[in-house]
């Protein structure tokens with residue numbers, strides 16, 4: 001996928017979307033999910049002045065230039081598309097040293113606070129985790145050492161838009177199988193592994209084993225190194241819509257591994273050492289992901305997120321796509337492992353089935369083993385500040401402050 005900054009096209013995409021309620025214009029404190037948005041001055045954000053806004057601006061431009069999510073987001077998500085499109089246009093040719101002034105001029109900052117409710121106290125911190133792009137070993141043909149098929153999107157799979165329901169299909173299912181009488185639940189992981197959709201799909205790649213395939217599906221995308229030395233990108237192309245079950249929770253619940261110190265490396269090592277248990281536990285996760293294979297266009301960037309833009313390491317974040325419009329900037333109030341400063345400006349560019357709520361995020365940290373360790377170490381309480389585009393804003397970008 002090209003990530004050229006085709007901002008006029010991106011602006012058209014945003015404008016064409018149905019307008020959501022412009023929260024910045026509301027008189028009462030705006031709410032998103034169970035959160036209240038409290039206005040906050042940029043000068044009051046710890047770490048704002050020290051953070052590298054130019055890196056966030058690059059990520060913002062890529063998201064602006066993306067073709068947009070497919071299927072589109074719901075019309076009632078927070079973030080006015082016309083105002084966001086105007087901000088995208090204003091960012092087109094902006095010099096890097098004007099990045100911080102740009103965000104201050106074009107956006108208003110709101111801290112996300114969950115008010116006290118019953119016995120639940122007020123919460124000003126959300127929760128941030130990390131994810132990465134695994135780098136695996138694969139082959140375009142099956143053979144010794146390549147036994148796990150990566151399946152293409154089946155031709156009878158119908159993906160529902162966020163919040164969409166259809167008669168006859170329980171709301172827990174996010175996709176269905178097209179039949180002569182309508183949609184029905186798509187086969188689960190165990191049925192697919194047993195050949196239930198063999199006539200509807202084919203392998204696009206072969207990995208070493210079922211654990212590598214499971215890791216790829218949990219992360220949603222990856223790179224594969226082929227026997228001839230080339231690398232290809234293995235990209236998400238839909239899932240069966242069945243509920244997701246965390247393998248980590250299963251391992252802890254059955255007493256196989258302790259919660260403390262549970263990491264990707266630890267649970268994958270345990271699964272490979274216990275193949276009988278591994279197959280049983282992995283099949284308890286009914287969710288199954290399908291993929292397509294494409295060349296790696298820019299090794300520095302990650303795969304496209306749900307917004308359609310290549311993910312920027314450390315600057316792209318997955319959010320609840322039923323609440324927030326992709327492209328919105330967020331300022332994370334807190335120290336990130338291995339990162340300088342006390343705050344971090346990121347751009348909403350992706351989502352995930354476990355990313356639920358207004359103050360929940362999953363930070364994309366990069367590709368490969370080191371990124372996997374960093375992602376595994378990231379599970380911290382974090383303050384979330386959303387930057388909403390100012391309605392009809394046309395101010396000039398001021399010179400950067402000393």
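Residue numbers (full-length UniProt numbering): 1 to 402. Virtual Cβ for every residue (Gly too), placed ideally from N, Cα, C. Keep in mind the model is a prediction, meaning the values are calculated, not measured.
With respect to the 7 Å criterion, residue 327 and residue 94 are not classified as neighbours on the basis of their beta carbons. For residue 277, the enclosing alpha helix (DSSP H) has its first and last residue at 275-283. With 16 or more other CB atoms across the displayed protein chains lying within 10 angstroms of its CB, residue 387 is buried. In the three-state reduction of the DSSP assignment, residue 183 falls in the strand class.
By the CB criterion at 7 Å, residue 53 and residue 345 fall inside the cutoff. When 173, 157, 156 are compared, the shortest CA-CA separation from residue 164 is found for 173. By the Cβ rule, the segment 308-325 does not count as touching the segment 242-255, because fewer than three pairs are nearer than 8 Å. Residue state for residue 40 is assigned as coil, using DSSP reduced to three classes.
Just so you know, the alpha carbons of residue 222 and residue 108 end up roughly 35 Å apart. For residue 97, the three-state secondary structure derived from DSSP is helix.
In the three-state reduction of the DSSP assignment, residue 112 falls in the strand class. Burial state of residue 129 is buried, judged by a 10 Å Cβ sphere holding 16 or more other Cβ atoms. Per the DSSP secondary-structure output, residue 131 pairs in a beta bridge with 364.
Taking the Cα positions, residue 75 is about 21 Å away from residue 354. Counting C-beta pairs with one atom in each stretch, the segment 279-286 and the segment 259-266 have fewer than three that are closer than 8 Å, which means they do not touch.
In this structure, residue 358 and residue 80 do not form a Cβ contact; the two beta carbons are roughly 17 Å apart against a cut-off of 8 Å. Residue 347 sits in a strand when the DSSP states are folded into three classes. By the C-beta criterion, the segment 168-187 is judged not to be in contact with the segment 223-236, since fewer than 3 inter-stretch pairs fall below 8 Å. When C-alpha distances from residue 362 are compared across 374, 139, 342, the shortest belongs to 374.
Apart from sequence neighbours up to five positions away, the residues of its chain that approach residue 343 with a beta-carbon distance below 8 Å are 45, 46, 47, 48, 50, 51, 331, 332, 333, 334, ordered along the chain. In the assembly as shown, residue 133 is a buried residue. Its beta-carbon has 16 or more other beta-carbons within 10 Å.
In the three-state DSSP reduction, residue 48 falls in the coil class, being neither helix nor strand. According to DSSP, residue 379 shares a beta bridge with 129. Assigned with DSSP and collapsed to three states, residue 212 falls in helix. With contacts defined by Cβ atoms closer than 7 Å, residue 237 and residue 292 form a contacting pair.
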